[in-house]
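Note that the UniProt record's numbering gives residue 24 to position 24 of the sequence shown, counting from 1, and the numbers run on in steps of one.
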Amino acid sequence: MCNNSKLNTNTITPNCQVIGYDWRFGLTGGIICILSKEFFPMRKTILFVVLVVMTMVFVWPSVALAQTRRLPSPTPTVAPSPSPSPEPARIDITQKSEESLGPLEKLLRDQKLGPIWPTNPVKYAIRGATAAKVPANTIVLLLLLPIVAFVIAFTRNVIGIRGFGIFLPAALSVVFVATGPAVGIGLFLIIVTVSTAVRMILRKLKIKLQYLPRMAFILWAVVIGVLGVLFAAPLIRFPDLANVSIFAVLVLVLLAEDFIRVQLGKSAKTAVGLTFETLILSLISFLFLTLKPLQEYVLLNPEVSLLGTALADLLLGKYTGLRVMEFYRFRKLINGK
1 MCNNSKLNTN
11 TITPNCQVIG
21 YDWRFGLTGG
31 IICILSKEFF
41 PMRKTILFVV
51 LVVMTMVFVW
61 PSVALAQTRR
71 LPSPTPTVAP
81 SPSPSPEPAR
91 IDITQKSEES
101 LGPLEKLLRD
111 QKLGPIWPTN
121 PVKYAIRGAT
131 AAKVPANTIV
141 LLLLLPIVAF
151 VIAFTRNVIG
161 IRGFGIFLPA
171 ALSVVFVATG
181 PAVGIGLFLI
191 IVTVSTAVRM
201 ILRKLKIKLQ
211 YLPRMAFILW
221 AVVIGVLGVL
231 FAAPLIRFPD
241 LANVSIFAVL
251 VLVLLAEDFI
261 RVQLGKSAKT
271 AVGLTFETLI
281 LSLISFLFLT
291 LKPLQEYVLL
301 NPEVSLLGTA
311 LADLLLGKYT
321 GLRVMEFYRF
331 RKLINGK
């Protein structure tokens with residue numbers, strides 16, 4: 001992995017030293033090289049690279065937008081200038097707002113329905129629920145969750161990305177929808193770091209506690225860490241961080257328990273690998289949750305969405321072949337045949 005690897009104009013030597021001109025590519029290559037050489041096997045390295053790329057794709061626009069909002073103009077101008085166009089705000093479909101409800105309710109009003117039976121019972125039920133003031137975005141999220149669960153199961157059974165089961169990546173993807181990927185990933189990594197540090201401190205100090213009291217103490221430390229980040233929001237001046245909902249914070253704090261349980265049952269290396277895979281699954285699920293054509297389709301065709309997802313789950317459960325990762329893992333044996 002580390003021999004003869006090139007990123008742009010940089011060269012990574014066998015000792016993971018970077019020679020080149022562009023420090024960004026050299027730094028990225030050095031990190032990947034060190035992790036692949038001393039911490040991750042090849043499979044984990046591939047997943048780590050995928051996570052880095054996806055994180056940069058999702059996080060960089062949010063960071064750039066935040067910096068654009070808080071940077072003042074370099075020189076004041078006296079001459080009148082046209083007012084800038086308003087920046088498009090991120091639509092949070094987990095919140096009941098005009099931006100999230102308006103387009104969905106308009107879709108429902110514009111759709112023409114036929115007889116209730118046999119193809120439209122769920123459509124009429126959705127009309128009745130929205131007439132009773134049930135938010136349309138809540139219905140959309142509920143209809144999308146089975147699809148997200150199928151996507152996570154597909155990546156586990158067919159591709160080979162494990163993660164922390166189905167619930168944790170799905171819950172984390174909803175958190176990303178509520179907070180944005182930048183804040184969500186940042187808070188999740190802070191929670192993982194704090195929980196790991198507290199666990200190591202307890203081990204170094206040889207403080208032996210039973211499982212539940214130890215988990216309670218670690219969650220206490222996680223809450224202190226998250227509070228510290230939220231208290232630092234005025235100094236960081238990151239708009240999305242100041243608007244984090246209690247739901248997202250609680251879900252992220254509760255995710256620390258599963259991470260610690262894997263650490264206690266296996267090893268820190270396995271837990272870190274599963275954490276990276278969970279973040280990859282969460283970002284993929286986040287894509288499906290925020291895909292506007294998919295939101296509109298499940299709202300206008302709920303029967304097809306629900307029945308199609310159930311059928312896909314049944315077909316996926318019958319799959320017993322090799323996973324994509326296993327094809328790569330056993331490639332020498334397969335090619336030898």
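Cβ atoms here follow ideal geometry from the backbone N, Cα and C, with glycine treated the same way.
If you drop the 5 nearest sequence neighbours on each side, which residues of the same chain put their C-beta closer than 6 Å to that of isoleucine 152? As a first step, residue 152 must be located in the sequence shown, where it is residue number 152. Closer than 6 Å at the Cβ level, and outside the excluded window around isoleucine 152, lie Ile166, Pro169, Leu281.
Quick check: what's the CA-CA separation for phenylalanine 276 versus isoleucine 161? Indexing the sequence shown from 1 puts residue 276 at position 276. Indexing the sequence shown from 1 puts residue 161 at position 161. When rounded, the distance between both Cα atoms is 10 Å.
Are the beta-carbon atoms belonging to isoleucine 191 and valine 226 less than 8 Å from one another? Your numbering for residue 191 matches position 191 in the sequence shown. Your numbering for residue 226 matches position 226 in the sequence shown. Cβ atoms of isoleucine 191 and valine 226: closer than 8 Å.
Beta-carbon proximity list for glutamine 263, same chain, < 6 Å, skipping 5 on both sides: Sequence index remark: in the sequence shown, residue 263 carries index 263 (1-based). Result list for glutamine 263: Ala271, in chain order.
Jot down the residue ranges of each uninterrupted alpha helix (DSSP H) in the segment 107-174, minimum 4 residues, whole runs only, in chain order. 121-131, 136-154
So, aspartate 240 versus valine 183, is the Cβ gap smaller than 8 Å? Numbered from its first residue, the sequence shown carries residue 240 at position 240. Numbered from its first residue, the sequence shown carries residue 183 at position 183. Cβ distance < 8 Å, so aspartate 240 and valine 183 count as in contact.
Measuring only the C-alpha atoms, how far is aspartate 258 from threonine 196? Working through the sequence shown from its first residue, we reach residue 258 at position 258. Working through the sequence shown from its first residue, we reach residue 196 at position 196. Between aspartate 258 and threonine 196, the C-alpha separation is close to 12 Å.
Based on Cα-Cα distance, which residue from Phe247, Leu255, Lys204, Tyr211 lies nearest to valine 222? For the purposes of this step, residue 222 is taken as the residue at position 222 of the sequence shown. Closest in C-alpha terms to valine 222, from the list Phe247, Leu255, Lys204, Tyr211, comes Leu255.
DSSP-derived helix/strand/coil call for serine 267: In the sequence shown, the residue the question calls residue 267 occupies position 267. Coil.
Where arginine 261 and leucine 143 are concerned, what is the direct C-alpha to C-alpha distance, given to the nearest angstrom? What you label residue 261 is simply residue 261 of the sequence shown in a count that begins at 1. What you label residue 143 is simply residue 143 of the sequence shown in a count that begins at 1. Answer to the nearest angstrom: the Cα atoms are 31 Å apart.
Indicate the three-state DSSP secondary structure (helix, strand or coil) for leucine 252 in the structure shown. Position 252 of the sequence shown, counting from 1, holds the residue named residue 252. Helix, per DSSP.
Using C-beta distances below 7 Å, list every residue in its chain close to phenylalanine 154, excluding the 5 sequence neighbours before and after it, in chain order. Taking the sequence shown and counting its residues from 1, one reaches residue 154 at position 154. The residues are Leu316.
Let me check understanding here. Comparing Cα to Cα, which of Pro115, Gly228, Leu172 lies closest to phenylalanine 286? Here residue 286 is taken as the residue at index 286 of the sequence shown, counted from 1. The option with the nearest alpha carbon to phenylalanine 286 is Leu172.
If valine 140 sits next to valine 298, beta carbons under 8 Å apart, how far is it from one beta carbon to the other, in whole angstroms? Looking up residue 140 in the sequence shown gives position 140. Looking up residue 298 in the sequence shown gives position 298. That belief holds up - the Cβ atoms of valine 140 and valine 298 are roughly 6 Å apart, short of 8 Å.
Within its chain, find whatever has a CB closer than 7 Å to the CB of leucine 300; leave out the 5 residues flanking it on each side and keep chain order. Your numbering for residue 300 matches position 300 in the sequence shown. Around leucine 300: Leu107, Gln111.
So for lysine 332, helix, strand or coil by DSSP? Numbered from 1 along the sequence shown, position 332 holds the residue referred to as residue 332. Reduced to three states, the DSSP call for lysine 332 is helix.
Just curious, the alpha helix (DSSP H) that threonine 309 is in, first and last residue? For the purposes of this step, residue 309 is taken as residue 309 along the sequence shown, with counting starting at 1. Run containing threonine 309: 302-317, per the alpha helix (DSSP H) assignment.
Where isoleucine 236 and glycine 186 are concerned, what is the direct C-alpha to C-alpha distance, given to the nearest angstrom? Your numbering for residue 236 matches position 236 in the sequence shown. Your numbering for residue 186 matches position 186 in the sequence shown. Cα to Cα, the separation comes out at about 13 Å.
Taking isoleucine 201 and phenylalanine 288 to be in contact with their CB atoms under 8 Å, please state how far apart those CB atoms are, rounded to whole angstroms. Along the sequence shown, read from residue 1 onward, the residue named residue 201 stands at position 201. Along the sequence shown, read from residue 1 onward, the residue named residue 288 stands at position 288. Contact flag wrong, Cβ pair sits at about 39 Å.
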